[in-house]
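Order-wise, the sequence lines are chains A and B. Per our numbering, residue 4 is the first one in the first sequence, and the count goes up by one each step. Per our numbering, residue 4 is the first one in the second sequence, and the count goes up by one each step.
Protein chains: 2
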Amino acid sequence: MKMSQMFTKTSKNNPADEVSKNAQLLIRAGFVHKEMAGVYDFLPLGKNVLDKIVQIIREEMNKIGGVEMSLTALQNPETWQATNRWDDEVMDVWFKTKLSNGREFGLAPTHEEPITKLMRNFISSYKDLPSYPYQFQTKFRAELRSKSGLMRGREFLMKDLYSFSKDKEQHDEFYEEISKAYLRIFDRLGLGGYTFKTFASGGSFAKFSHEFQTISPVGEDTIYVSHEKGIAINQEVYNDEVLAELGVKKEDLVEEKAVEVGNIFTLGYKFSEALGLKFIDSDEKEKLVFMGSYGIGPSRVMGLIAEHFADDKGLVWPENIAPAKIYLMQIGEDAKELAEEVYNKLTNQGIEVIYDDRNTGAGQKFADSDLMGIPYRLTISSRAIKQGRFELVTRKNGEIEELTIEDIYNKFMK
Amino acid sequence: MKMSQMFTKTSKNNPADEVSKNAQLLIRAGFVHKEMAGVYDFLPLGKNVLDKIVQIIREEMNKIGGVEMSLTALQNPETWQATNRWDDEVMDVWFKTKLSNGREFGLAPTHEEPITKLMRNFISSYKDLPSYPYQFQTKFRAELRSKSGLMRGREFLMKDLYSFSKDKEQHDEFYEEISKAYLRIFDRLGLGGYTFKTFASGGSFAKFSHEFQTISPVGEDTIYVSHEKGIAINQEVYNDEVLAELGVKKEDLVEEKAVEVGNIFTLGYKFSEALGLKFIDSDEKEKLVFMGSYGIGPSRVMGLIAEHFADDKGLVWPENIAPAKIYLMQIGEDAKELAEEVYNKLTNQGIEVIYDDRNTGAGQKFADSDLMGIPYRLTISSRAIKQGRFELVTRKNGEIEELTIEDIYNKFMK
Chain A
4 MKMSQMFTKT SKNNPADEVS KNAQLLIRAG FVHKEMAGVY DFLPLGKNVL DKIVQIIREE
64 MNKIGGVEMS LTALQNPETW QATNRWDDEV MDVWFKTKLS NGREFGLAPT HEEPITKLMR
124 NFISSYKDLP SYPYQFQTKF RAELRSKSGL MRGREFLMKD LYSFSKDKEQ HDEFYEEISK
184 AYLRIFDRLG LGGYTFKTFA SGGSFAKFSH EFQTISPVGE DTIYVSHEKG IAINQEVYND
244 EVLAELGVKK EDLVEEKAVE VGNIFTLGYK FSEALGLKFI DSDEKEKLVF MGSYGIGPSR
304 VMGLIAEHFA DDKGLVWPEN IAPAKIYLMQ IGEDAKELAE EVYNKLTNQG IEVIYDDRNT
364 GAGQKFADSD LMGIPYRLTI SSRAIKQGRF ELVTRKNGEI EELTIEDIYN KFMK
Chain B
4 MKMSQMFTKT SKNNPADEVS KNAQLLIRAG FVHKEMAGVY DFLPLGKNVL DKIVQIIREE
64 MNKIGGVEMS LTALQNPETW QATNRWDDEV MDVWFKTKLS NGREFGLAPT HEEPITKLMR
124 NFISSYKDLP SYPYQFQTKF RAELRSKSGL MRGREFLMKD LYSFSKDKEQ HDEFYEEISK
184 AYLRIFDRLG LGGYTFKTFA SGGSFAKFSH EFQTISPVGE DTIYVSHEKG IAINQEVYND
244 EVLAELGVKK EDLVEEKAVE VGNIFTLGYK FSEALGLKFI DSDEKEKLVF MGSYGIGPSR
304 VMGLIAEHFA DDKGLVWPEN IAPAKIYLMQ IGEDAKELAE EVYNKLTNQG IEVIYDDRNT
364 GAGQKFADSD LMGIPYRLTI SSRAIKQGRF ELVTRKNGEI EELTIEDIYN KFMK
């Protein structure tokens, strides 16, 4: 995309009302706009990154049998009264609203109840199981305080998959599958080395649930990492009994601050019982469906990645989710023709390029390229044209290469 | 996709609580699920169709310079008080909600106010104009009655583009461009011959606005169509003065019932003035930005298309937006191997196929194929294998061809 077509601009100053680093950087770089605390618009560059995160998650969910659909935000009180989660005392993040005739609705903070009710239409036999519907959907949560930028929103995107199994055995098999899929996702998002499957409290049904925690100095959680086993334990279940059960020793664990980037829950019969989701098994007996739920917040993950990799010049996107691979700078009028040619040739090959074709000084262009965090910066200047060698800088480590145009094509057009 | 992997099922009976034909059919065929009046989940087949409609609109918006972003549902009262549209007496479709501390929010029924305010960050000079941000976003409208299925939702998807121009001349040029883009969209959606650019009341600023109206017996609007000129006039501005201005005669117009599928508005300075969106022009004078807004509801259009083309057997999707091109039926165990082979070969070529691999009678499969409205039905049966010729039926006209497997590959793999 050409900068002249993009309607956003970068800003030198941090927004006065924003305390979180991810939001400060994303706002300054023109990726998001703050409507109010915890409520962010996604501008073209930000939407591009978010879409790429969504697509990686989608591919991994489809690979393990996930089927995509989309539930609604508006919710019926009756559906949630069945599990006693309509009450604000029980679930304190409800945004509730109503029609002028007084009929009340809620805005879904999660979707266990409606999906369980929906599946009553489609599950009647063991042959209908297992089933793995999922969605990317906007959740609403009435958080009183919301100061962590994209990492704790009042309105945010969520991938939620629900598993419906005929028994615990069928469930456990999928639970292992999706654990692996989650690790593949965080790997592809560039968080591989920092993200651990973490044992956490299981709630009323299971002994453990599992979180995926990314080590980060801004983390609000404390975890204990076993690098040897590639797992971690949340502080909330960090005790001798659990250590013994997992076969790890205190002295091998490293205490870290971490951010929760995903979670997977065994729900068991909690929702199927309350909402009457049953099936006839092969033994002709009627049984309750065994459920699980599995979340990742793409916008939260985007906030974490922004914050995690940033340096003092700005954002640094992993290549897989960067809004473009190359930031193409043109310096000087006589460099325009070649810059256009390179831009067209690369984009025609499907390589995403941000072409800074503005009549702006080189300093501004360098600064914007760094702030936006595009993986490679290519400079086409009159001097470089004379020399036949062009500067290509890698954002994440500042490495500089002097390449011919031919070299550049060879490097990116694989 | 294999039917055995899809979690939805068709139903023989019309849902008892649903009066609109589009929702009845879409529910029976397993495309959508009704949460409550005007609030529908999109199940995998329905989401597939909706995504295709969205993609066609996106391509046409990008072609004319649109840049995609995504605004929020939650709205700040202050933003809307500036135009006096926060008041329920002025805008009666607000869903309003609040935090436990009393702080009030609204759920956006449209987005003129927040986009105008947002653009104050990015528009300061005539060089920043024109600009055409757009989004696909969920709108919320607190309609008291909602009985038209997907055609009038309380929660529904909307494409809204906003134009920001330096003057009326720049605006008018784009207004013509997007009018043409809209006609291309409805053409690609299969509504070409039935959809007319329709002159309607312009509101406070412009003489006319334009609606895109599709002729349909279920339409709630009355329009007068000039087939010769390819335009129509809404009843609300159907008078001698307008007829004279448009150069059409009463006797050349045909009265029709129609459904509004899109609209385009010249907004002028209404929002830029109220919210202070100004720029410095080339003459160094400060001026207000000239605005327009342009809507299409993809879910509404989907409802209309469902209803418009349906026959007594069920849905009939235009090829461009059908959830699959081919409904592949396998009849008899010994047809399984070839059916699998054909399924794999077609899907590997990127052709979408619904493969009915269920252990169900042929009658059920025929009925489901018709109800779902897939453009072609291909039957692989033991009898056909013996004869070397396979029945391919075109859904929309019932045309039957007897083809070899080679013929079938040639027909679909272009």
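Note that CB positions come from ideal geometry on N, CA and C, so glycine has one too.
I'd like to know whether the C-beta of residue i is nearer than 8 angstroms to at least one C-beta of chain B.
i	result
His174/A	no
Phe199/A	no
Glu38/A	yes
Ala309/A	no
Tyr43/A	yes
Arg144/A	no
Arg157/A	yes
Thr141/A	yes
Gly68/A	yes
Asn242/A	no
Ser134/A	yes
Can you check which of these residues, the options, is closest to residue i by C-alpha distance?
i	options	result
Gln216/B	Asp314/B, Ile234/B, Gly205/B and Gly206/B	Ile234/B
Pro138/A	Thr113/A, Leu186/A and Glu158/A	The sequence shown places Gln at residue 138/A, not Pro. That would be Thr113/A, whose Cα lies nearest to the Cα of Gln138/A.
Asp163/A	Glu71/A, Asp243/A and Val93/A	Glu71/A
Thr269/B	Gly41/B, Ser296/B and Asn351/B	Ser296/B
Phe415/A	Asn351/A, Tyr129/A and His311/A	Asn351/A
Thr13/B	Asp410/B, Gly376/B, Leu381/B and Leu349/B	Gly376/B
Leu28/A	Asn104/A, Lys130/A, Ala309/A and Ile354/A	Ala309/A
Arg398/A	Glu409/A, Asn413/A, Ser385/A and Leu374/A	Leu374/A
Glu254/B	His230/B, Arg106/B, Glu21/B and Val262/B	His230/B
Ile30/B	Gly152/B, Val245/B and Glu343/B	Gly152/B
Phe211/A	Asp20/A, Val245/A and Leu186/A	Val245/A
Tyr178/A	Phe159/A, Ser219/A and His213/A	His213/A
Please confirm whether any heavy atom of the ligand SAM lies closer than 7 angstroms to the CB of residue i.
i	result
Leu406/A	Among the ligands in the structure shown, none appear at all, so the ligand SAM cannot be discussed.
Are the C-beta of residue i and some C-beta of chain A separated by less than 8 angstroms?
i	result
Ala76/B	yes
Phe177/B	no
Met154/B	no
Asn65/B	no
Leu249/B	no
Arg303/B	no
Phe125/B	yes
Pro117/B	yes
Pro220/B	no
Ser103/B	yes
Leu121/B	yes
Ser128/B	no
Near residue i, which residues of its chain fall below 8 angstroms by C-beta distance, leaving aside the five closest residues on each side in sequence?
i	result
Leu132/A	Ile126, Phe167, Ser168, Lys169, Gln173, Phe282 and Val292
Glu276/A	Leu291
Ser3/B	No answer is possible for residue 3/B: the residues shown for chain B start at 4 and end at 417.
Arg123/A	Leu278, Gly279 and Leu280
Phe274/B	Thr86, Glu115, Glu116, Thr119, Leu280 and Met294
If you drop the 5 nearest sequence neighbours on each side, which residues of the same chain put their C-beta closer than 7 angstroms to that of residue i?
i	result
Arg392/B	Glu405, Leu406 and Thr407
Leu341/B	Ile383 and Ile388
Val96/B	Pro112, Arg144, Ala145 and Glu146
Gly353/B	none
Taking C-beta pairs closer than 9 angstroms, name the residues in chain E that residue i reaches, listed in chain order.
i	result
Lys50/B	Structure shown: chain E not included; protein chains present are A and B.
Note down, in chain order, each residue of its chain lying with its Cβ closer than 6 angstroms to the Cβ of residue i, except the 5 sequence neighbours on either side.
i	result
Thr198/B	Phe189, Phe215 and Thr217
Arg380/B	Tyr330, Ser372 and Val396
Lys101/B	Glu107
Ala365/A	Ile334
Glu355/A	Ala327 and Lys328
Glu24/B	Checking the sequence, you will find Lys at residue 24/B rather than Glu. For Lys24/B, where only same-chain residues beyond five positions count, the Cβ hits under 6 angstroms are Glu310.
Which residues, in order along the stretch 88 to 100 of chain A, keep a beta-carbon less than 8 angstroms from a beta-carbon of chain B?
Asp91, Asp95, Phe98, Lys99 and Thr100
Taking beta-carbon pairs under 9 angstroms, can you tell me which members of the stretch 5 to 22 of chain B lie near chain A?
Ser7, Gln8, Met9, Phe10, Thr11, Lys12 and Ser14
Counting only Cβ-Cβ distances shorter than 7 angstroms, please list the residues of the stretch 334 to 359 of chain A near chain B, keeping chain order.
For the stretch 334 to 359 of chain A, the set of residues with a beta-carbon nearer than 7 angstroms to any beta-carbon of chain B is empty.
May I have a chain-ordered list of the beta strand (DSSP E) segments no shorter than 3 residues that lie completely inside the stretch 35 to 75 of chain B?
35 to 39 and 42 to 45
So if I threshold CB-CB distances at 9 angstroms, which residues from the stretch 276 to 305 of chain A count as touching chain B?
none
Residue ranges of each alpha helix (DSSP H) within the stretch 138 to 202 of chain A, 4 or longer:
171 to 191
Please go through the stretch 265 to 306 of chain A and give each complete beta strand (DSSP E) segment of 3 or more residues, from N-terminal end onward.
281 to 283, 289 to 291 and 293 to 299
Could I get the ranges of all uninterrupted alpha helix (DSSP H) runs contained in the stretch 308 to 336 of chain B, with 4 residues as the minimum, in chain order?
Counting only runs of 4 or more, we get nothing.
Contacting positions in the stretch 369 to 403 of chain B - beta carbon closer than 7 angstroms to chain A:
none
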